[in-house]
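In this note's numbering, the protein residues as written are 100 to 181.
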């Protein structure tokens, strides 16, 4: 991988801390926009990284997600939601 999982987690920490400088974001939550490429295969997702980020942010940073939008919508969600 080009970047270590730890450096990716530090980058997310920075982004969340920057977003939480806004009082509105603290009250209403942060909106996450996730671009996952052009219909990527599920095998390319780094699940340990996602787990590391989720645990880190949810346990150590007092933040709330207002919404999470994934672009483009993965085919599995399109099938399940229709």
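The beta-carbon is built from N, C-alpha and C at its ideal position, and this holds for glycine as well.
Opening and closing residue of the beta strand (DSSP E) in which residue i lies
i, result
"residue 184", "Shown here, the chain extends from 100 to 181; a query on residue 184 therefore has no answer."
Whole-angstrom C-beta distance between residue j and residue i, which should lie under 8 Å
i, j, result
"residue 115", "residue 143", "About 24 Å; that fails the 8 Å criterion."
"residue 133", "residue 168", "7 Å"
First through last residue of the alpha helix (DSSP H) which encompasses residue i
i, result
"residue 149", "146-159"
"residue 106", "104-118"
Best match in the options for proximity to residue i [C-alpha to C-alpha]
i, options, result
"residue 125", "161, 135 and 167", "161"
"residue 103", "122, 151, 121 and 135", "151"
"residue 171", "135, 164 and 149", "135"
"residue 108", "147, 121 and 120", "147"
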